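Colleague:
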Amino acid sequence: MQIKFTKHAIERMNERLISRKEVLSVI
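In the numbering used here, the protein residues as written are 9 to 35.
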């Protein structure tokens, strides 16, 4: 259960990083 939670958190963090990179590339 703990591993699943951490994996999900990492996936969400990656999504945030990707969205941040997209915003920077747009500017």
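We put the beta carbon where it would ideally sit given N, CA and C, even for glycine. A quick note: this is a predicted structure, and the numbers were derived from the prediction, not measured.
Please report the distance separating the alpha-carbon of Asn22 from that of Lys15.
Modeller: Along the sequence shown, one-based indexing puts residue 22 at 14. Along the sequence shown, one-based indexing puts residue 15 at 7. If I take the Cα positions, the gap works out to 11 Å.
Colleague: Could you tell me if the beta carbon of Arg28 falls within a distance shorter than 8 Å of some heavy atom in the ligand SAM?
Modeller: In terms of ligand content, the structure shown is empty, and the ligand SAM therefore cannot be addressed.
Colleague: I need the straight-line Cα distance from Glu19 to Leu32, nearest angstrom please.
Modeller: Translated into positions along the sequence shown, residue 19 becomes position 11. Translated into positions along the sequence shown, residue 32 becomes position 24. Taking the straight line joining both Cα atoms gives about 20 Å.
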